[in-house]
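Enquirer:
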Amino acid sequence: MEPLGMLIDFTECIGCGECVKACRQSDNLPPNPDPEELSG
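In case it helps, our numbering puts the sequence shown at residues 20 to 59.
1. To the nearest angstrom, report how far apart Leu23 and Gln44 are at their CA atoms.
2. Between Cys42, Cys35 and Asn47, which has its C-alpha nearest Asn26's C-alpha?
3. Could you check where the alpha helix (DSSP H) with Cys42 kicks off and where it finishes?
4. Who are the near neighbours of Lys40 in its chain, counting only those whose CB is closer than 8 Å to its CB and skipping five residues on each side?
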């Protein structure tokens with residue numbers, strides 16, 4: 020499989036992280052762990 024990229028207009032970014040979720044979902048990767056779960 021060929022690596023893909025995603026074009027993001029950062030002038031419209033509100034920092035919600037939905038682009039990261041969409042990228043991980045489209046590549047069939049597991050979701051990022053919740054930082055609070057990692058801190059113990």
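Positions of the beta carbon are idealized from the N, C-alpha and C atoms, including for glycine.
Expert: Result, derived from the coordinates:
1. Along the sequence shown, one-based indexing puts residue 23 at 4. Along the sequence shown, one-based indexing puts residue 44 at 25. So the alpha carbons of these two residues sit roughly 13 Å apart.
2. Numbered from its first residue, the sequence shown carries residue 26 at position 7. Correcting the residue type first, residue 26 is Leu in the shown sequence and not Asn. When only C-alpha atoms are compared, the closest one is Cys42.
3. In the sequence shown, residue 42 corresponds to position 23, counting from 1. Note, Cys42: alpha helix (DSSP H), Glu37 to Ser45.
4. Stepping through the sequence shown from its first residue, residue 40 is reached at position 21. Excluding residues up to 5 positions away in sequence, Pro50 lie with their Cβ nearer than 8 Å to the Cβ of Lys40 in the same chain.
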